[in-house]
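Residue numbers for the sequence shown follow our numbering, beginning at 851 and rising by one.
Just so it is clear, CB atoms sit at the ideal spot from N, CA and C, and this is done for glycine as well.
Worksheet: the structure to be examined is printed underneath.
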Amino acid sequence: MIKNRLKDDISICVAKLRLDNNYKYSVEIPNNLGHGDYSSNVALVLSKLNEMNPRDLAEKIKIELLKNKDIKDVQIAGPGFINITLNISIFQGILYDVLKAKESYGSSNYGANKRVLLEFVSANPTGPLNIVSARAATYGDTLYRVLTWLGFEAKREFYVNDAGNQVDILAESLELRLREARGEHIGEFPVDAYHGEYLIEMAEVLNTTDGNRLLMLPEKDRIEKLKEYAIDAIHEMQLESLEKYGVEFDNWVSEKKLRNQGVVEEVLSFLAEADCTYEKDDAIWFSASKFGDDKDRVLMKADGTITYFVPDLAYHLTKYQRGFDYIVDVLGPDHHGYVPRLKAAFRALDYEEEKLEVVFLQQINLFEDGEKVKMSKRLGKIITMNNLIDEVGKDVVRFFFVDRKTNAHLNFDMDLARKQSEENPVYYIQYAHARICSVIKKARKEHKIRIGKPSRTSLTYLIEPDEVRLMKKLISFPGVLENVATSREPNKLSNYVFELAGMFHKYYAKHQIIDLDQLELTKGRLFMIIAIRNTIAIALDLMAISAPEKMKKSAVKKPTVSTSQKKESKRAKVEPYGKKATSKIPKQKKEPIVILDIDSGLPVEKVKKLPKTSVKKKVTKDKTKKKELKSKEKPLVEESLKEKPIKRATKKAPAKKKSAKKDASSVDSLAKPTKRATKKSSDKVVKTKTTTKGRATKKKA
């Protein structure tokens, strides 16, 4: 907001000096409060382009900037940094605009309806969602909420890996548990099978319904039926966990159905026609090393089975053909080698690789009593998403997961997460919100202060340095959201709201907000904390975390003020670890976002909520019936994918501008990849055909 205005002012000054303006410079808020409100490196950048001394150039720019009535002072520091101090009226005026925005503060059309596809979680349907999935769900859902708030047209997608070796093992594991439930001796359970308790429960239910019939089927049919049953039951389980976590998806895409539609075979054909495949050792290879990968990749093995890379590539090509401006994949730390081969294929097929962004979420370590908790899905030793939510509450889980950078390992401390005191950053923030609500209520009910509409006159009384810093922090909120959207780093939002809460707690400890002898000052301060309260509520809502108006007495200890520093709050910093909590937090009650109306001082009736999960199912306790998915509510593949197979388009056809209102789940056709004019070799594949064995073979030129 202000930064953009200052950039415009600086550009005008540079133009007046008739300097080469082919440059990029920054305007930032300095860490040192003595360096003004904003600092710019414009003189350092321009001095190189115009062969001038940076300090001399800074002095010239300073003279021009001081002609602006909004600028109080300009100082030159170091080699040529320009430190700018604004008139306090600028901050007071923008605070007035913040108050007028009410519950819509920070929302904008910054995204200009650009279309973004976010694929996240996409867990294998082989077990309950674990803490890795919880982190991915937190990241993807928070980024989606911010993007939507800023005017992007974002879609959330879950890719169901319901084909391949892992589901074969799942079916075999379920069969062993089923036989065990029927009293058969199965011996030692295989190490490479799935050992989870959920399969034992599933087998017990299946044994009371279709168990006998299934075991009498031929082996091939039996395995297929067991796959279908297990995948449906686990998918239902995952849906329930996501709903409990407050996450929903717009699209569900099934790998199995993509394969059945022939999409995978078409991708093999595309690669062959692009002259970038060859045959070696009776297998089909992709010449990935020619397109930036570190080595060539196998597409089809000698036995005719395809590698997992092929259906993944096919799936990503369907993403491209749906016309998104940005395609974001959220992956785990073990997928780093996956990206180069995928982008190599995009280059080979002449797709815009720049559209694809890959975010890697690093490893999660769960600590309890100071020791790392060891987990293994295959061995059944896992902490599920549900376990974590039940133990510490959805709000705490979501904040802890979003509060770390994606490229940083995350150590989730259960002892800290259980704490119900100021050491827990979630409650530290929520208490700031609740404390403001209490102050407003006290002003209105006990002191009979009618706040009324925002008053520019009252805001002019906000002149204390702490008040100026709070106003500057509030004003920076829209810029923080834009930074989150462009950098794909939601942790910047959690950092912001934690800092804002901390600044408020310090201010509350040092200043008397309600002073009946100074009514205009009181009203000005009430207006300011209303803006703080609204901003905290909006920020928490964007992270799907509740903003309670009142904290339970047992939940939080009030921030204390030390006797030696009565003007400073002890809550200036939350330490990463603390003593083990002696009690568990109460189960979280979902709180809607409530904004205080500045006209009446009462909560706004209009409650802002992001879309809730459309599918609401309860876990049935009846173990006499098989769980079945409601496919009409949550299909495993978009209907358009089911009905419209991938088609090829002409070479380098001009891209048609997609309508912003087009359904993101629609799939029309893929752009036909371009044949590259490369020198033919004796073993180059020029044609693809399918043998009676079902494997693509190649003819040599």
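In terms of alpha-carbon separation, which member of Ile-911, Ala-1021, Ala-1013, Lys-1298 lies closest to Leu-1369?
-> In this structure, Lys-1298 is the residue among Ile-911, Ala-1021, Ala-1013, Lys-1298 with its C-alpha nearest to the C-alpha of Leu-1369.
Classify Thr-1554 as buried or exposed, calling it buried when 16 or more other Cβ atoms lie within 10 Å of its own Cβ.
-> Nothing can be reported for residue 1554, as the shown portion of the chain is limited to 851 through 1551.
With DSSP as the reference, label Lys-950 as helix, strand or coil.
-> If DSSP states are grouped into helix, strand and coil, Lys-950 belongs with the helices.
What does a CB cutoff of less than 7 angstroms around Arg-1248 pick up in its chain, not counting 5 residues either side in sequence?
-> Result list for Arg-1248: Thr-988, Met-1393, Ala-1394, Ile-1395, in chain order.
Cβ neighbours of Ser-1344 in the same chain (closer than 7 angstroms, five flanking residues each side left out) | Around Ser-1344: Phe-1249, Val-1252, Asp-1253, Met-1393.
Using three-state DSSP, classify Tyr-1128 as helix, strand or coil.
-> Strand, per DSSP.
Buried versus exposed, by CB contacts within 10 Å (16 or more), Ser-876 = It counts as exposed.
Return the first residue and the last residue of the alpha helix (DSSP H) that Asp-906 is part of.
-> 904-915 is the extent of the alpha helix (DSSP H) around Asp-906.
Straight-line Cα distance separating Ile-1081 from Ile-1073 | The alpha-carbon of Ile-1073 is positioned some 12 angstroms away from that of Ile-1081.
Within its chain, find whatever has a CB closer than 7 angstroms to the CB of Tyr-873; leave out the 5 residues flanking it on each side and keep chain order.
-> Sequence-distant Cβ neighbours of Tyr-873 in its own chain, meaning closer than 7 angstroms and more than five residues away, are Val-895, Leu-896, Leu-899.
Give a yes or no on whether the C-beta atoms belonging to Ile-879 and Lys-1322 are separated by under 8 angstroms.
-> Taking the C-beta atoms as reference points, Lys-1322 is found nearer than 8 angstroms to Ile-879.
Check Met-1401 in the structure and name its three-state DSSP category.
-> In the structure shown, Met-1401 sits in coil (DSSP, three-state: anything other than H, G, I, E or B).
Where in the stretch 1218-1275 do unbroken runs of the beta strand (DSSP E), each at least 3 residues long, occur, reported from the N-terminal end onward?
-> Unbroken beta strand (DSSP E) runs of no fewer than 3 residues, entirely contained in the stretch 1218-1275, are found at 1260-1263, following chain order.
Element boundaries [beta strand (DSSP E), containing Arg-965] | Secondary structure note for Arg-965: its beta strand (DSSP E) is the uninterrupted segment 965-969.
Measure the C-alpha to C-alpha separation of Leu-1067 and Ala-1013 and round it to an integer number of angstroms.
-> Put simply, the backbone Cα of Leu-1067 is about 21 angstroms away from that of Ala-1013.
Residues bridged to Met-1150 by DSSP?
-> In the DSSP output, where bridge partners are listed per residue, Met-1150 has Ile-1134, Ile-1156.
Taking the C-alpha atoms as reference points, what is the distance between Ile-812 and Trp-999?
-> Given a span of 851 to 1551 for the chain in the structure shown, any question on residue 812 remains unanswerable.
So is Thr-1234 buried or exposed if we call it buried at 16+ other beta carbons inside 10 Å?
-> Looking at its Cβ environment, which holds 16 or more other Cβ atoms inside 10 Å, Thr-1234 is buried.
Proximal residues to Ala-1335 (C-beta, below 6 angstroms), its chain only, five neighbours per side dropped | Excluding positions up to five away in sequence, the list reads Val-996, Leu-997, Leu-1000.
Out of Gln-1212, Asp-1240, Ile-1177, Gly-1220, state which residue places its alpha-carbon closest to the alpha-carbon of Glu-1202.
-> Among Gln-1212, Asp-1240, Ile-1177, Gly-1220, the Cα nearest to that of Glu-1202 belongs to Ile-1177.
For Val-1208, which residues of its own chain have a beta-carbon under 7 angstroms away from its beta-carbon, when the five flanking residues on both sides are left out?
-> Result list for Val-1208: Asp-1179, Leu-1181, Val-1189, in chain order.
Three-state secondary structure (DSSP) at Tyr-1009?
-> When DSSP states are grouped into helix, strand and coil, Tyr-1009 belongs to the strand group.
Among Ser-939, Ala-973, Ala-1381, Val-924, nearest to Lys-1303 - alpha-carbon criterion = That would be Ala-1381, whose Cα lies nearest to the Cα of Lys-1303.
Whole angstroms is fine: what's the gap from Thr-1385's alpha carbon to Gln-942's?
-> Spanning the two alpha carbons is a distance of roughly 16 angstroms.
Three-pair Cβ contact test at 8 angstroms for the stretch 1359-1376 versus the stretch 1305-1316 = The stretch 1359-1376 makes contact with the stretch 1305-1316: 3 or more CB pairs, one atom from each, lie closer than 8 angstroms.
Compare the C-alpha of Leu-816 against each of Ile-944, Glu-1317, Asn-1101, Tyr-1158 and name the closest.
-> Only positions 851 to 1551 of the chain appear in the structure, and residue 816 is not among them; the question remains open.
Considering only C-alpha positions, which residue in the set Tyr-1346, Gly-1061, Leu-1118, Ile-1364 is nearest to Glu-1296?
-> The shortest Cα separation from Glu-1296 among Tyr-1346, Gly-1061, Leu-1118, Ile-1364 belongs to Ile-1364.
Exposed unless 16 or more other CB atoms sit within 10 angstroms - verdict on Gln-1362 | Under this definition Gln-1362 is an exposed residue.
Local conformation of Tyr-960 per DSSP, three classes = Of the three classes helix, strand and coil, the one that applies to Tyr-960 here is coil, per DSSP.
Beta bridge counterpart(s) of Val-1180 as assigned by DSSP = DSSP lists Val-1209 as partners of Val-1180.
Taking only the alpha-carbon atoms, compute the straight-line gap between Val-1289 and Gly-928 and give it to the nearest angstrom.
-> The C-alpha of Val-1289 lies about 44 angstroms from the C-alpha of Gly-928.
Whole-number beta carbon distance between Lys-1145 and Ala-1152, since they are thought to touch under 8 angstroms = Their Cβ separation, rounded to whole angstroms, is 18 angstroms, which puts Ala-1152 and Lys-1145 out of contact at 8 angstroms.
State buried or exposed for Thr-1058, treating a residue as buried only when at least 16 other CB atoms are found within 10 Å of its CB.
-> By the neighbour-count definition (other C-beta atoms within 10 Å, threshold 16), Thr-1058 is an exposed residue.
If you follow the beta strand (DSSP E) that Asn-974 is part of, which residue opens it and which one closes it?
-> Run containing Asn-974: none; DSSP gives neither H nor E here.
By a C-beta neighbour count over all protein chains shown, 10 Å radius and 16 as the cutoff for buried, is Glu-901 buried or exposed?
-> Flag for Glu-901 reads exposed.
Who are the Cβ neighbours of Ile-1036 in its own chain at under 8 angstroms, not counting the five residues just before and after it?
-> Within the same chain, Ile-1036 has close Cβ partners Leu-1026, Arg-1029, Glu-1030.
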